[in-house]
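In my numbering, the protein residues as written are 97 to 433. Even for Gly, the Cβ is constructed at its ideal location relative to N, Cα and C. Notes follow the structure.
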Amino acid sequence: MTDMAEILPVILALLLGFAVVMYVVLDGFDLGIGMLFPFYREEAERDLVMNSVAPFWDGNETWLVLGGVTLWAGFPHAFAVIMPAMYVPVLVLLLALIFRGVAFEFRWVAKPRHKAWDWSFAIGSILAAFAQGITLGGILEEIPVVDGQFAGRPLGWLSPFSLMCGLAVVSGYALLGATWLMMKTTGVVEERARKLGPVLLLVLLGFVAVVSVWTPLQFERIAQRWFSMPNVFFLLQVPVATALFSWLCWWGMRNGRTVLPFISAIAIFLLAFLGLVFSNVPYLVPPTMTVWDAAAYPGSQVFFLIGASILLPMILAYTVLVFWLFRGKLGPGEGYH
C-alpha cells in the first residue's frame, strides 16, 4: 500500500500536466485568433479567421475539462485550496469561455447584425487568456495555507506579478494564433498574421525574460533550484533551447514557412511549462502542499485512473482524427459553415 500511495499521485500528476499542456497548446491558438480578430476589418477576412478553427475549437476545450476533473478527483486537497484562492479569476475564465463559445455560434446566424458577437468573440478570448495567466501567477506567488486550508484574502491573487503573468499568457496565445493563421490560411489573412507574428514574438520573449528574472529574485526556493550546483548545468539547456526555437520561429515567419513558426511557438510554450515544473516540483500548491499531500485516497485514485485510461485514448484519437481530416490551408471564401 505504501508503494501505491507513493506512485499513484505521481501518475496522476503526470496526467494533470499532460492535460494542461494539451489545453494550453490546442486552445491557446484558437483563443489567440480571437485576440487577433480586431486586426481583421473585412467581413471575408473575419469569416476565414473563424473558419480556420471551426472544426477544432470545442474539442480543444475538452482538455480543460480533463485537467479540472483530474485536479478535483485526484488532488482534492489542492483543489480545496486553489479554488477559494482563485474564485474570481476562475469565474472570469469560465464566463469568458461561455461568451466566446456562444459568440462563435451566434455570429453566423445573426448576420448581418452580428457586430456585438464579433466583440464578444474577441473580448471573451482576451479575458479567458488573461484570467488563466492571473491564476497561474497567483498560484506561483504562494497561496497562504494553514492546516491544509486556504488562509488568505479573497483578492490575494491580485498583484503586479499575477497581472504580468496574465499579460504574458495573452501575448503567448496571440503568437500561437498568428502562427496558426500562417499555417492554415492564405491571402490577406496570412500576410497580416506574418506582420503581427514577429512583434508578438518579441513581446512574449520580453515577458519570458521578466519572469525569468522576477521569480528567482522573489522566491528563494526557485533561485536555489535553478542556480545551485549541479542543477545550473542541466537547467541552462532550457533558456538555450528557448532562444533556438525563438530564432526558428522568427526565421520561419520572415521566410514564408507555414508549419515551422507554429511548431516553434509550441516549443517555446513547452519549454516555459518545463521551466515552471522544474521550479516547483513536487508542489501543487507551492511551497506547502506536494502531490502526495494533496492526493486523494489510493482507492479513489485507482478508480479515477481506470476511467482516465479508457477516456484518454478516445480523446487523443478524436483530436488526431480531426486535425488529419481538416488539414491543409483555407482560401478566401472557403470554410466549414
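Paired residues, beta bridge with residue i - DSSP
i      : result
LEU434 : The structure shown has nothing for residue 434, since the chain only spans 97 to 433.
THR386 : TYR379
PHE400 : None, per the DSSP bridge assignment.
GLN228 : According to DSSP, which records beta bridges pairwise, GLN228 is partnered with nothing at all.
VAL355 : DSSP lists no partner for VAL355.
VAL241 : PHE246
Own chain residues within Cβ distance below 6 Å of residue i, not counting five before or after
i      : result
GLY124 : TYR269 and LEU272
GLY233 : PHE257, SER258 and CYS261
MET97  : Summary for MET97: the model assigns pLDDT 46, below 50, so the residue's position carries little reliability; its value from the coordinates is reported in the next sentence. Here the set comprises nothing.
ALA114 : According to the sequence displayed, residue 114 carries Phe and not Ala. Cβ neighbours of PHE114 beyond the five flanking positions: none.
ALA337 : LEU367
HIS210 : ARG203
VAL387 : PRO105, ALA109, PRO378 and LEU380
Minimum C-alpha distance to residue i - residue among the options
i      : options                           : result
SER342 : ARG321, LEU366, VAL328 and TRP159 : LEU366
VAL441 : ASP389, MET118 and GLU287         : The question about residue 441 has no answer here: the residues shown for the chain are numbered 97 through 433.
PRO428 : PRO294, ARG142 and LEU111         : ARG142
VAL265 : LEU190, VAL309, LEU127 and LEU380 : LEU127
LEU251 : LEU370, SER324, VAL186 and VAL387 : VAL186
TRP346 : TYR183, PRO294 and MET179         : PRO294
SER375 : SER308, TYR393 and SER405         : SER308
ALA192 : PHE202, PHE217, GLY395 and PHE330 : PHE217
VAL334 : PHE315, GLY352, PHE369 and TRP310 : PHE369
ARG288 : MET182, MET179, SER396 and GLY352 : GLY352
GLU237 : MET410, LEU372 and LEU292         : LEU372
TRP168 : MET410, LEU296, PHE400 and ALA339 : PHE400
ALA392 : PHE175, GLN314 and VAL149         : PHE175
ALA305 : ILE364, SER255 and PHE330         : ILE364
SER255 : SER324, ALA206, MET182 and LEU297 : MET182
Same chain, Cβ closer than 7 Å to residue i, neighbours up to 5 away in sequence not counted
i      : result
ARG317 : PRO383
ARG290 : MET278 and MET349
HIS173 : GLY244, MET385, ASP389 and ALA390
GLY155 : TYR414, THR415 and VAL418
LYS425 : LYS280, THR281 and THR282
VAL355 : MET279
ASP99  : none
VAL299 : SER267
TRP153 : ASP126 and PHE200
LEU292 : LEU132, PHE135 and ALA274
LEU160 : TYR119 and ASP123
LEU301 : SER342
Presumed contact (8 Å Cβ cut-off) between residue i and residue j, rounded CB distance
i      : j      : result
PRO357 : THR282 : So it is not a contact: roughly 15 Å between Cβ atoms.
ILE230 : TRP253 : 6 Å
LEU112 : GLY170 : 7 Å
ALA319 : PRO312 : 4 Å
LEU263 : ALA227 : Not a contact, Cβ separation roughly 12 Å.
VAL381 : LEU104 : So it is not a contact: roughly 18 Å between Cβ atoms.
SER360 : PHE303 : In fact, because the Cβ distance is near 17 Å, the residues do not count as touching under 8 Å.
PHE246 : ILE239 : 6 Å
LEU108 : THR158 : With 8 Å as the limit, LEU108 and THR158 do not qualify as a contact, their Cβ atoms being about 18 Å apart.
GLY220 : ARG249 : Rounded, the Cβ-Cβ distance is 28 Å, inconsistent with contact.
ILE362 : VAL121 : 5 Å
PRO394 : ALA101 : 5 Å
ALA199 : TRP213 : 4 Å
Chain-order list of residues whose beta-carbon lies under 8 Å from that of residue i (same chain, five-residue window excluded)
i      : result
VAL145 : ILE129, LEU132, PHE133, TYR136, LEU277, THR281 and VAL285
PRO151 : VAL418, LEU421, PHE422 and TYR432
VAL76  : Outside the displayed span of the chain (97 to 433) sits residue 76, for which this structure offers no information.
PRO208 : none
GLY163 : LEU112, ALA115, VAL116 and TYR119
LEU407 : LEU162
ILE411 : THR158, TRP159 and LEU162
Heavy atom of the ligand FAD within 7 Å of residue i beta-carbon
i      : result
ALA224 : This structure does not include the ligand FAD; it has no bound ligands of any sort.
- [ ] Run through the stretch 249-332 for me and flag every whole alpha helix (DSSP H) of 4 or more residues, listed as ranges in chain order.
- [x] If we require 4 residues or more, the alpha helix (DSSP H) runs fully inside the stretch 249-332 come out as 256-280, 283-314, 316-323 and 327-331.
Task: Contained alpha helix (DSSP H) runs [length at least 4] in the stretch 165-200, N- to C-terminal order - done: As far as the stretch 165-200 is concerned, its whole alpha helix (DSSP H) runs of at least 4 residues are 172-181.
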